[in-house]
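Here the working numbering is used: the first residue of the sequence shown is 2, the next is one more, and so on. Idealized CB from N, CA, C, for every residue including glycine. Please read all numbers here as calculations on a predicted model, not as lab measurements. The structure appears right after this line, and notes come after that.
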Amino acid sequence: MKTTFVSSLAIQNAMRLTIQQSQTDMVSTQYEMTNGTHYDIGVSLGGKTSRTLDLQRELDRMDSVKSTNSVVDLRLSASQTALDSMQKSAQTARNALNGLSGSTDTTLIANITLSLKNAMQDFTAAANQNSGGEYLFSGINTDVKPMIDYTTSEGAAAKAAYQAALTSFMGAQTPPLTSISDFSAAQMTDFVTNKLEPMFLGTDFNTNWSKASDQNMTNRISANEVVTTSTNANAVGMRKFMLASVIGTELLGGNLKSDTRNALTKQTISYYTEAEGDIISQKSALGLSQQRVKDANTAIDTQTKLLKTHKTDLDGVDTYQASLNMTALKTQLETALTLTGRLQQLSLVNYL
């Protein structure tokens, strides 16, 4: 029978390897306890690794879409608030004109004209609102302020165009008109309908009033759904509001004949009413987009939950078992350290 001797150095080396392995295993086990997934997916899953990576990419894509949707929803909400303000401006202006009721009182007319000017300024401010550094009503030209302020120097070109149209119309009448007071009701209606209205509903508006694009913003809110997420300052309602405002601030306060002012007032009220109706339509359209974003987010949440469940089935670990493993590793490490310490204390000197 042969006797085999094991040196204390060999035992120490074995303990050292045990300590190193325990420390390595504790790192991976701690990760699994904290994250609930395998520390090294490639080693643990082998050929199924590509599947869990595909699932993670899809989850990342959904997170990205939902993050974009939150920005879209913020812009839509801000647009709704601005449109509410515009609608209120149209209502205020219309109500002010309804209070005129054929009156010839110059003070009342002056006060109403001032109210219309204030409503115009409020409307313009709302049209130029921005969210996150992007103008809400510029269409795809989000870095450009959409609407000029007619009441300031910005409105110089628009004022010049209006004055040129008025002068041209007056000179074309038989006999030519020399002042606003010469307008008959029929002539004023003709001027507004056939001279001013085309300027606001046609391309002149894009030149003198608006820098917005006719093309609205669109966003992908899910894998297969794209929605319109803005409106623009070139919409019919905004054009008609500005048309009514120019009539109200430039003509109604003039020295008009009673029947001419009455006809003009009626026509201006009609434009304000039409403007409000179109603004309400824009609000409804954006409201539908908001609902579609909400529905898309709900669908994304459902899909995300399913994908996370499937991914957990592939790469998930039992955190309770990982905790037990961590306890066992700590015990093993402590034992190895204790034995190593005792071995290091062994010396032949103690036995001589």
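Within a 10 Å sphere around the beta-carbon of glutamate 277 sit 16 or more other beta-carbons, which makes this residue buried. When DSSP states are grouped into helix, strand and coil, methionine 218 belongs to the coil group. When secondary structure is reduced to three states using DSSP, tyrosine 151 falls in the coil class, being assigned neither helix nor strand.
In the three-state reduction of the DSSP assignment, serine 139 falls in the strand class, which pools E and B. The Cβ atoms of methionine 189 and alanine 127 lie no closer than 7 Å to each other. Counting along the chain, threonine 229 sits inside no alpha helix (DSSP H); it lies in the beta strand (DSSP E) bounded by residues 226–229. Shown here for serine 214: same chain residues with a beta carbon closer than 6 Å to its own, the five before and five after excluded, namely Gly140, Ile141, Asn142 in chain order.
The three-state secondary structure of serine 185, taken from DSSP, is coil. When secondary structure is reduced to three states using DSSP, asparagine 235 falls in the coil class, being assigned neither helix nor strand. Arginine 58 sits exposed, since fewer than 16 C-beta atoms from the chains shown fall within 10 Å of its C-beta. With 16 or more other Cβ atoms inside 10 Å of its own Cβ, proline 147 counts as buried. A contact between stretches requires three or more CB pairs, one per stretch, nearer than 8 Å, and the region 164–182 meets this requirement with the region 244–263. Around isoleucine 248, the same chain offers Val193, Leu197, Leu265, Gln268, Thr269, Tyr272 as residues with beta carbons nearer than 8 Å, after the five sequence neighbours per side are excluded. A Cβ-Cβ contact shorter than 7 Å links glutamine 122 with threonine 152. In this structure, leucine 287 sits away from serine 86, with a CB-CB distance that is not shorter than 7 Å. In the displayed model, asparagine 209 falls within a helix according to three-state DSSP. The C-alpha of lysine 67 is placed about 29 Å away from the C-alpha of alanine 236. Taking C-alpha positions only, lysine 118 is separated from asparagine 220 by approximately 36 Å. Under DSSP, serine 132 takes part in a beta bridge, and its partners are Glu135.
Linking glycine 133 to valine 72 through their CA atoms gives a straight-line distance of about 9 Å.
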